[in-house]
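Following UniProt numbering, the residues of the sequence shown are numbered contiguously, the last one being 107.
As structure tokens, the structure follows; a few thoughts come after it.
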Amino acid sequence: MKPTITRPPTDVRVLLGSKVVLPCRTMGNPKPAISWIKDESALKKDHPRTSVLESGNLRIRSVQIEDAGQYRCLARNSLGLEYSRSVTLEVQDFNMTNATERGIVAN
């Protein structure tokens, strides 16, 4: 059975330094291999803060500003492949958010 994404990722907003898990649940036979794409480039498998879990979900530990962007998961097996829709990961710096809300703006 060709891969199907049954639970695609969704847009998410997280605080700098926190952990996030982007879901990507799939079906297929043989079981699809899951990979992730950020801003149209494949995520590096050896990145120390990111990992693709057994479920296919993408976990990012200690989220940094550079982690913000567009993400897609890709399910692939011998019968085909399927991409999820592109979703946005927005990273907020708590200190900058509070400063902006108080009307403090850095030059």
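Yeah, the Cβ is synthetic: ideal placement off N, Cα and C, and Gly gets one too.
Item                                                                                                                                          : Value
With H, G and I counted as helix, E and B as strand and the rest as coil, what does DSSP make of Asn95?                                       : helix
Exposed or buried, Gly28, counting other C-beta atoms within 10 Å across all chains shown (16 or more means buried)?                          : buried
Less than 6 Å between C-beta atoms, sequence neighbours within five positions excluded: which residues of the same chain meet that for Asn77? : Pro3, Gly28, Pro30, Pro32
Can you say whether Gly56 is buried or exposed, counting buried as having 16 or more other CB atoms within 10 angstroms of its CB?            : buried
Taking Lys38 as part of the beta strand (DSSP E), name the residues at either end of that continuous run.                                     : 33 to 38
Use the C-beta contact count for Ile5: other C-beta atoms within 10 angstroms, 16 or more gives buried, fewer gives exposed.                  : buried
When you compare each of Val14, Asn95, Ile34, Met1 to Arg7 by their alpha carbons, which one comes out closest?                               : Ile34
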